[in-house]
Structure formats: C-alpha cells, structure tokens
C-alpha cells in the first residue's frame with residue numbers, strides 16, 4: 441500500500457538522521473572522557489570542560505535514543521496481559537497506547553519548549569557560560585522526534601487495523 445510505504449520511508453529517514461546524530465554525540469562523549477581520564481591520571485591536571493560538555497551531549501543522546509527506540513517499539517512493555525486478549529482487541533489496545541504516546545510526546549514538546557525558554561535562558565553553564573537553553577532544548581527536540589515517530593506508528597497501526605488488506 442502506498443501510504444504504508446511513505447510512512448515507512450519517512451520513519452526510516454528520521455531514524456537515520458537521529459542515529460547518526462546520536463552516534464556522533466556518543467563518540468564525542470567517549471573521546472572527551474578518554475581525554476579527561478588521560479589528563480587526570482597521566483598528566484595530573486584534570487580538565488574542567490569535558491564533564492560539562494558530556495552532560496549536555498548526554499541529555500541530547502537520551503532523547504535521540506528514545507525516539508529511535510520508539511520507532512522499533514523497543515521501549516519496555518508488559519505484554520503478558522495483552523496477549524490474553526483476541527487479536528482484534530490487541531490491535532485496539534495498541535492503537536490506544538499509540539495515542540497515549542503521541543499525547544505524551546506533544547506534552548513533552550510543549551513543556552520542553554517552555555522549560556527551555558523560561559528557565560534555560562536565565563541559567564548558564566559553569567565553564568562554557570552557555571545558556572541552559574541548549575541543554576533543555578533537547579527535551580523539546582526529543583519530544584518533537586517522539587511525536588513524529590509516534591504519529592507514524594499510530595498511522596501504521598490504524599492502517600493495519602482498519603485499512604484495506606493487501607492481497
């Protein structure tokens with residue numbers, strides 16, 4: 441079905457972008473921590489910036505990873521109760537859960553933005569003196585990515601449950 445293919449294409453596009461951004465940030469965190477350990481123990485001079493920078497990068501990695509896990513439906517779920525029901529009812533529960541994920545992601549997007557603007561603009565990091573806006577913006581962007589993946593999963597669930605069957 442054309443709609444399902446377009447949904448999968450869009451989901452895969454966001455997944456790839458998120459994957460490479462997350463992999464890059466994780467690699468940078470790893471390199472900064474190696475540098476920090478080397479400087480602390482080999483040179484006896486600890487650097488002050490890697491810890492702070494890693495914290496900012498880590499907050500971004502968490503939300504990027506959450507979006508990737510959502511696309512694969514890789515978040516923790518309790519399925520033993522749902523498996524007791526007939527297939528048709530399971531599909532309805534899946535749709536309900538997808539609606540709840542979309543609602544939560546929208547909430548995270550909106551209040552992540554409010555957190556970034558109203559709280560993050562007033563605080564700065566210790567070493568770099570960068571506004572916390574950029575740290576808190578990860579919540580907003582993560583919510584947006586979760587919202588996109590959630591809508592795509594919800595659409596896929598609705599098409600699979602109520603759409604025309606492929607033969």
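Residue numbers (the working numbering): 441 to 607.
For glycine and all other residues, C-beta sits at the position ideal for the given N, C-alpha and C.
Look at the alpha carbon of residue 495 and the alpha carbon of residue 544, and state the distance between them as a whole number of angstroms.
-> 24 angstroms
Return helix, strand or coil for residue 565, following the three-state DSSP convention. coil
Integer-rounded CB distance, given that residue 455 should sit under 8 angstroms from residue 508: 6 angstroms
**Prompt:** Is residue 490 helix, strand or coil when you go by DSSP?
**Reply:** helix
Looking at residue 526 and the ligand HEM, is the gap between the Cβ and the nearest heavy atom below 7 angstroms? Here there are no bound small molecules, and the ligand HEM is not part of this structure.
*By a C-beta neighbour count over all protein chains shown, 10 Å radius and 16 as the cutoff for buried, is residue 568 buried or exposed?*
exposed
Between residue 607 and the rest of its own chain, which residues show a CB-CB distance below 8 angstroms, the 5 nearest in sequence each way excluded?
-> Confidence at residue 607 is low in this model, with a pLDDT of 47, below 50, so the placement of that residue is unreliable and no value is reported for it.
Chain-order list of residues whose beta-carbon lies under 8 angstroms from that of residue 564 (same chain, five-residue window excluded) | 570, 571 and 572
Here's the rule: buried if 16 or more other CB atoms are within 10 angstroms of the residue's CB, otherwise exposed. What is residue 460? exposed
Can you tell me which of 588, 602, 600 and 598 puts its alpha carbon nearest to the alpha carbon of residue 453?
588
Would you check if there are 3 or more beta carbon pairs closer than 8 angstroms linking the stretch 575-582 to the stretch 548-561? yes
Contact set for residue 608: own chain, Cβ-Cβ below 8 angstroms, skip 5 residues either direction = Since the first and last residues shown for the chain are 441 and 607, residue 608 lies out of range.
Worksheet item: To which residues of the same chain is residue 596 closer than 7 angstroms at the C-beta, ignoring the five residues directly before and after it?
Response: 444 and 447
*Exposure label - residue 538; buried when at least 16 CB within 10 Å*: buried
So within the stretch 442-511, which uninterrupted alpha helix (DSSP H) runs reach at least 4 residues, ignoring any that extend past its ends? 442-481 and 489-511
* To do: Classify residue 519 as buried or exposed, calling it buried when 16 or more other Cβ atoms lie within 10 Å of its own Cβ.
  => exposed
**Message:** Relative to the C-alpha of residue 499, which candidate in 465, 450 and 561 has its C-alpha closest?
**Reply:** 465
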